[in-house]
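Worksheet: one structure, shown below.
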Amino acid sequence: MNTYGRQPISLVKGAGSYVWDSEGKKYLDALCGIAVCSLGHAHPTVSKAICEQSATLIHTSNVYRIPAQETLAGKLCSLTDMDSAFFTNSGAEANEAAIKIARMFGHNKGIQTPTIIVADNSFHGRTLATLSATGNRKIQAGFEPLVSGFARVPFNDVDAIREVAKNNKNVVAVLVEPIQGEGGINIPNPSYLNEIRTICDERDWLMMLDEIQTGICRTGKWFAHQHSGITPDIMTIAKAMGNGFPIGACLAKGKAAEVFKPGNHGSTYGGNPLACHVASATLAAHEKENTHVQAKNTGEYLVSQFKASFSETSEVIDIRGLGMMIGIELDRPCAELVSLAIENNLLINVTAERVVRLLPPLNMEKVQADELVSTLTQIVKAFISR
Ligand code: PLP
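For the sequence shown, the positions run 5 to 390 when the numbering used here is used.
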C-alpha cells in the first residue's frame, strides 16, 4: 500500500556500517534501520544464529515450553532486574501488552475506567491503542475514534503529572520514553525518571518505560533508565533486540509481573525459537563487544566534533545526544537533508521537521565517525547557505 514516502534507492547488501544499493553505490548508514541494526549489517554472530536455529527448529507454539524463550527471558531479566517477559514481534505489540497490563492492574483495584498518563511528542507505535497513546496528531488524524483512557501531559514536566493526579482518580500508570526519539531526540532533566518513580510509588501507579528506541546499549547503558538508577515496573523493548530479526518484549517487575494470567494475552509468533535464539545471540554480541562503552565514547566524540564543526553556524541551534542517539536541530524545516545525504553516500533521518536524527551502529569505527561528521557538516552548510 501507499504508506511510505520512499527514497528512490534500493538497498541490496550491507556489511558493518555500510550498505550498497542495486547500482553498486555505497552508503555510510547513520540510521541503521531506525535504531535496529545496532551491531551493524550482516553481523556474523547474528547470521550464524539465524542459520543454526532455522536448520533446527523455527517455530512451535506458545502452548509448549520454549527453552530458547526461557533463556532469553532470564538474560533480559538479569540485565534489567525485571521479573518476567512477554515476547512480541514488534515494538507496538510490546506497548499493547504494557497498556493491557496497566488496564487490568486498574481493574483488579476496582478502577473501571483506567487512565494512563502519556506525554506530548511521544511515539509509541501505529496500532490503534499505541497511536492513541502517541502524542502526535499527524499519526492519529483520520483514525478516530481513538482508544480512550490516556491523559496527556507535556514531556519533562512532573508538576503536570502531579496536577493530573489531583483531578483524576482513575490513573493507573505513566508511560514515557526515557528520551523521545521520533519526537526529536528530546532528553529530559536528569531527575525526570526518578521523580516519576517517586510519584508512581506514592500513588501505587505502574511506571512504564518505552525503551524500544533507547534500549540495547544505544545510549551508553544497556537501557536508558539505568542512567537514573531506577527500575520501572514495566519496560518495553524491540528494535535492536534481534539486530533486524523482528522481536520485541514487554518486561514486568513485581506486582506488574503478576497481572496476566493464562488466557489474558497471547501471540502466535511472539517468542518463537528462532526469534529468541537470534535475540540471545544479539545480546551476547553486544556483551562481547562492549557496545554500551563504544556507544558512550563514539557518541561523545561525534557530539564534540559536530559542536566544533557547527560552532560558527548559527542556523544549527542545538546539538544533543546520549550515546549514539544524536539530534542536530536546525532553525528551519530540513527534511530535504535526507535526499541530499543520499546523494552524498550517507543515510540519515530528519524527525520533528527540524532535527537531523542519527542512530548509527554502536560499533562504528572512528574513521567512519569522522566520515559521518565531515559529510554531514558539508551537506548541512550547503543546505543553509542556499
Ligand atoms: N516506541 C518507540 C519509542 C519507537 O521508536 C517505535 C518505533 O519507532 C515504536 C514504539 C513502535 O515500534 P514498531 O515500529 O516496532 O511497532
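Think of the CB as a built atom: it goes at the ideal place given N, C-alpha and C, for glycine as much as any other residue.
For clarity, every value in this text was computed on a predicted model and none was experimentally measured.
LYS257 has its Cβ no nearer than 8 Å to any heavy atom of the ligand PLP. Distance from the C-beta of GLN11 to the nearest heavy atom of the ligand PLP is not below 8 Å. Membership of ALA34 in any beta strand (DSSP E) is not indicated, and neither H nor E is assigned to it by DSSP. Membership of ALA253 in the beta strand (DSSP E) is indicated by the continuous run 252-256. Bridge partners of TRP24 according to DSSP: LYS17, LYS30. The three-state secondary structure of THR272, taken from DSSP, is coil. Per DSSP, reduced to three states, the secondary structure at PHE387 is helical.
Runs of the beta strand (DSSP E) lying entirely within the segment 95-169, each at least 3 residues long, are 119-123, 154-157 in chain order.
In this structure the segment 174-186 touches the segment 204-223; the number of beta carbon pairs closer than 8 Å is three or more. PHE310: member of the alpha helix (DSSP H) spanning 295-313, first to last residue. DSSP, read as helix, strand or coil, puts ARG361 in strand.
Taking all protein chains in view, the Cβ of TYR31 is crowded by 16 or more other Cβ atoms within 10 Å, so the residue is classified as buried. Within the segment 200-261, the beta strand (DSSP E) runs of at least 3 residues that lie entirely inside it are, in chain order, 210-214, 238-241, 252-256. DSSP, reduced to helix, strand and coil, places VAL263 outside both helices and strands of the structure shown, so it counts as coil. Taking C-beta separations shorter than 8 Å and ignoring five residues to either side along the sequence, the partners of ILE323 in its chain run VAL307, PHE310, LYS311, PHE314, ILE330, GLY331, ILE332, GLU333, following chain order. Around the beta carbon of GLN372, 16 or more other beta carbons lie within 10 angstroms, which makes this residue buried.
The continuous stretches of beta strand (DSSP E) do not include ALA345, which lies in the alpha helix (DSSP H) extending over residues 341-347. For the pair GLU27 and GLY18, the Cα-to-Cα distance works out to about 14 Å. In the three-state scheme derived from DSSP, where H, G and I count as helix and E and B as strand, ASP87 is classed as coil. Judged by DSSP in its simplified three-state form, VAL178 adopts strand.
When distances are taken from the beta-carbon of PHE127 to the heavy atoms of the ligand PLP, the shortest one is below 8 Å. In the DSSP annotation of this structure, the continuous segment of the alpha helix (DSSP H) that includes THR49 starts and ends at 48-58. Looking from the CA of ALA155, the closest CA among GLY146, LYS170, GLU97, ALA145 belongs to LYS170.
Distances taken from the Cβ of ALA106 to the heavy atoms of the ligand PLP include none shorter than 8 Å.
For GLU333, the enclosing beta strand (DSSP E) has its first and last residue at 329-334. The nearest non-hydrogen atom of the ligand PLP is less than 8 Å from the C-beta of GLN217. Judged by DSSP secondary structure, LEU326 falls within the beta strand (DSSP E) whose first and last residues are 320-326. Rounded to whole angstroms, the gap between the alpha carbons of ALA288 and GLN57 is 16 Å.
Fewer than three pairs of CB atoms, one per stretch, sit closer than 8 Å, so the segment 200-213 makes no contact with the segment 245-253. Judged by beta-carbon spacing, MET239 lies beyond the 9 Å limit of THR138, meaning their Cβ atoms are not closer than that value.
GLU186 is classed as buried because its beta carbon has at least 16 other beta carbons within 10 Å across all chains shown. Of GLY325, PRO250, THR286, the smallest CA-CA separation from ALA98 is found for PRO250. C-alpha of ASP33 to C-alpha of ILE120: approximately 36 Å in a straight line. Not one heavy atom of the ligand PLP falls within 8 Å of the beta-carbon of GLY114. TYR22 has its alpha-carbon roughly 11 Å from the corresponding atom of CYS41.
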